[in-house]
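With this note's numbering, the residue at position 5 of the sequence shown is -7, and numbering never jumps. Yeah, the Cβ is synthetic: ideal placement off N, Cα and C, and Gly gets one too. Keep in mind the model is a prediction, meaning the values are calculated, not measured. Have a look at the structure below before the remarks.
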Amino acid sequence: MPGWGQKGQERLAGARVFLAGVGGLGCAAGVYLATAGVGRMDVCDADAVERSNLNRQFLYTPRDVGRPKAELARDRLAALNPSIEVSALVTEIDHATAPELIAGADIVLDCLDNLETRFALNRACIAARVPMVYAAAADWTGYLSFLKPPETPCLECFVTRTPPPVEPAIPGCTPGTLGALQAMEALKYLTGIGNVFAGKLLVMDGAEPRFDVVAVDRDPSCAACSKLKAK
Ligand SMILES: [Zn+2]
């Protein structure tokens, strides 16, 4: 593939990705990152598998109900590609834990399901100057953006209100699509191929169907990133 080659593969082998959440988004993103050969993945999720997860969280089976997602995801992603290293972190992400959890990561994938945790991750990524790939999915709709302030907005620049309650009815293909796109963003960033969704928000309405890309700007009064200056 143009631009990938041995050099791109070596870059991936030397890369470290922090996967925040292994639900519907994280299962899809994790599979494509593992099979692409990302050398190290830290998989973080405090939750256990529930039966209602199984329509979209395809790393798990009915026999896994009650077991920690992070440990199951670690084992299954490592089995897909024995040449990579996958670690499991069965812990909550919050303002206190996020900085240490993401330390050393080249890129962070926001595969979470609630805004409070996303904001904690966003703040830690800003402080560490690590890019974060945001995605969110509900029913047939989804959002995606590549966040690396000060070159782009951060999450708090354009997501300001609480979204609908978590655990909406959702067909597995919606987070699967968005999770695959998150992996695509990470692979482009890590190999240096193509362009990421920087300063752009993908808005998917799968029911319509419509895929729109809208510009998103930094908020000069953003509480999270407005003090950040370009290097
Ligand atoms: Zn901001």
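Residue 15 is not bridged by DSSP to any residue. Distances between the C-beta of residue 144 and the heavy atoms of ligand 1 include at least one below 6 Å. The beta carbon of residue 140 lies closer than 6 Å to those of 186, 187 in the same chain, with the five residues before and after it left out. Contact check for residue 173 and residue 191: beta-carbon distance about 15 Å, past the 8 Å limit, so the pair fails to qualify. Shown here, residue 46 sits in coil according to DSSP, grouped into three states, outside any helix or strand. Bounds of the beta strand (DSSP E) holding residue 29 are 28 to 32. One alpha carbon belongs to residue 12, the other to residue 39, and they sit about 13 Å apart. Between the stretch 193 to 213 and the stretch 110 to 120, the count of C-beta pairs closer than 8 Å reaches three or more; the two stretches touch. The beta carbon of residue 69 sits closer than 8 Å to the beta carbons of 22, 23, 25 from its chain, once the five residues preceding and following it are set aside; these are given in chain order.
Residue 3 and residue 209 have their C-alpha atoms some 33 Å from each other. When the five nearest sequence neighbours on each side are left out, the beta carbons in the same chain lying within less than 8 Å of the beta carbon of residue 194 are those of 128, 129, 130, 161, 162, 165, in order along the chain. Each residue's CA atom was taken as its position, placing residue 37 and residue 64 some 14 Å apart.
DSSP assignment within the stretch 72 to 130 yields the following whole beta strand (DSSP E) runs of 3 residues or more, N-terminal first: 73 to 77, 95 to 98, 120 to 126. Bounds of the alpha helix (DSSP H) holding residue 65 are 57 to 68. Just so you know, the alpha carbons of residue 121 and residue 167 end up roughly 10 Å apart. Apart from the 5 residues on each side of it in sequence, residue 125 sits with its Cβ closer than 6 Å to the Cβ of 162, 163, 166 in its chain, given in chain order. Distance check between residue 199 and each of 189, 76, 93 places 189 closest, using alpha-carbon atoms only.
For residue 146, the three-state secondary structure derived from DSSP is helix. Ranked by how close their Cα comes to the Cα of residue 99, the residues 201, 15, 47 have 15 in first place.
In summary, residue 105 is buried, with 16 or more beta-carbon neighbours lying within 10 Å of its beta-carbon over all protein chains present.
Excluding the 5 residues flanking it on each side, residue 94 has same chain C-beta neighbours closer than 6 Å at 3, 4, in chain order.
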